[in-house]
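This report refers to the structure that appears directly beneath it.
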Amino acid sequence: MSMNRRAALRALCSTAAYTMVLGPGVSSRSRADESRIKPGASSALIIVDVQNCFVQGGTLAVAHGEDVVSVINGLAPAFQNVILTQDWHPPGHTSFASSHPGKQPFDTITLPYGNQVLWPDHCVQGTPDAALDTDLHVPEAQLVLRKGFHKDIDSYSAFREADHRTPTGLGAYLKERGIKTLFVCGLATDFCVAWTALDARSLGFDTYVIEDACRGIDLKGSLAAAWKKMRSHGVKRIQSANIATDSTDSAR
Ligand SMILES: [Zn+2]
1 MSMNRRAALR ALCSTAAYTM VLGPGVSSRS RADESRIKPG ASSALIIVDV
51 QNCFVQGGTL AVAHGEDVVS VINGLAPAFQ NVILTQDWHP PGHTSFASSH
101 PGKQPFDTIT LPYGNQVLWP DHCVQGTPDA ALDTDLHVPE AQLVLRKGFH
151 KDIDSYSAFR EADHRTPTGL GAYLKERGIK TLFVCGLATD FCVAWTALDA
201 RSLGFDTYVI EDACRGIDLK GSLAAAWKKM RSHGVKRIQS ANIATDSTDS
251 AR
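For what it's worth, the numbering used here labels the leading residue of the sequence shown as 1, then goes sequentially.
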């Protein structure tokens, strides 16, 4: 980020008109910088599905998905707790169009648990496509949670699979560790990020989505619909500049 851009962001964030509602587990930094959030011991960053398959050159590339990597690399050190997720499908997974004769990627079908968008084969377990993005550098991460490994159930959310019943275990993990506030980022905004944020709210977590650390697929208006639904469920929409990091400290 250029110094000019940093300066502009600082100016934006310090205007009197700009206010940030802080939830439990986060605190403001100082009177001069009240709007910037410093994540505390009860906050966690959830980095959703930043994998080779969802960036340029991958089997299900999200437009400009690779752009989130540098943003997330800069954010992660600001958090004491960092969780990564990985979409992790067996071959022949039910979410693959190739598993349903006559169907094409992005068709929608009805499965026992509801509507399912069909995708190109992606994130097959153990393949380079399913690996975390090569440029993602988050050594702080304490847990890599894999999801979507049940052959007959998709899993957008990091908490519950697409049947809305089968837990991944993440909710219990976070609660046992005393985490109360979640900051969600990654790919894609309107699917795995949104479903993760919505489930986080339903499990009682104070939840933020960091917009510029996400990119969406936007299938038939799904991006706007996802933001609307997240807002209605109390998910807070912020930008990476709203979080205090070492680089923003040193730029001061
Ligand atoms: Zn998937």
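Idealized CB from N, CA, C, for every residue including glycine. On a predicted model such as this, the values are computed, not experimentally measured, just so you know.
Check, Outcome
"Cβ-heavy atom distance, W119 to ligand 1, below 7 Å", "yes"
"Cβ contact check for the stretch 199-208 and the stretch 227-243: 3 or more pairs under 8 Å", "yes"
"6 Å CB neighbourhood of T94 in its chain, flanking five on each side removed", "D152"
"Same chain, Cβ closer than 8 Å to P90, five either side skipped, listed in chain order", "V124, Q125, F149, K151"
"Segments assigned alpha helix (DSSP H), at least 4 residues, entirely inside the stretch 167-240", "170-176, 194-202, 222-232"
"Cα-Cα separation, N52 to T134", "7 Å"
"Delimiting residues of the alpha helix (DSSP H) encompassing S43", "Careful: S43 lies outside any alpha helix (DSSP H), inside the beta strand (DSSP E) at 43-48."
"Own chain partners of Q80 with C-beta closer than 6 Å, once the 5 adjacent residues on each side are dropped", "A41"
"Presumed contact (8 Å Cβ cut-off) between T85 and L145, rounded CB distance", "5 Å"
"Any 3 or more C-beta pairs closer than 8 Å across the stretch 95-104 and the stretch 113-120", "yes"
"Minimum C-alpha distance to L60 - residue among S240, S202, M230, R215", "R215"
"Completely contained alpha helix (DSSP H) runs for the stretch 51-76, where each covers 4 or more residues", "68-75"
"C185: CB within 7 Å of a non-hydrogen atom of ligand 1", "no"
"Assigned exposure category for F106 - 16 Cβ within 10 Å defines buried", "exposed"
"Sub-8 Å separation of V48 and V82 beta-carbons", "no"
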